[in-house]
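For reference, the structure is listed below as structure tokens.
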Amino acid sequence: MTALIGRLQDRGLVLREKDSNDARKHYVVLTEKGVQSAQIVMERLNNKIGKVSESLDDLEQLQLRKTLKKIEERLKPFKT
């Protein structure tokens with residue numbers, strides 16, 4: 000994990016910030032470049048999901064939407 004964060008930091012996508020109350024803790028924060036990159040990735044992902052879902056029947060599309068909604072809900076605690 001440390002190596003991955005280091006590579007992201009080297010590319011200017013994230014910054015490591017120390018917790019002001021606990022020196023053992025660090026936070027990883029997206030830079031402006033990181034936010035822009037994440038937005039591009041999300042747009043591409045949404046386009047691909049849209050193309051895949053076009054080939055699904057109505058029931059499969061409903062199941063996909065339900066599954067994606069569950070994933071979105073479970074990711075909410077990680078948003079800042």
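In numbering that gives the first Met the number 0, the protein residues as written are 0 to 79. Yeah, the Cβ is synthetic: ideal placement off N, Cα and C, and Gly gets one too. It should be emphasised that the depicted structure is a prediction, and the values quoted were computed from it without experimental measurement.
My output table needs one value for residue i: the three-state DSSP class, helix, strand or coil.
i	result
Arg23	coil
Leu55	coil
Under 8 Å by Cβ, that's how I've got residue i and residue j pegged, so tell me the actual separation to the nearest angstrom.
i	j	result
Val13	Val28	6 Å
With the cut-off set at 8 Å, would you say residue i and residue j are in Cβ contact?
i	j	result
His25	Arg10	no
Leu131	Leu55	With the chain running from 0 to 79 in the structure shown, residue 131 is simply not present.
Please report whether the beta-carbon of residue i lies at a distance below 8 Å from any beta-carbon of chain D.
i	result
Gln8	Although the question refers to chain D, the structure presented lacks it and comprises just one protein chain.
I need the boundaries of the beta strand (DSSP E) containing residue i, first residue and last residue.
i	result
Arg15	Val13 to Lys17
Over the uninterrupted alpha helix (DSSP H) stretch that includes residue i, give me the two end residues.
i	result
Thr1	Thr1 to Asp9
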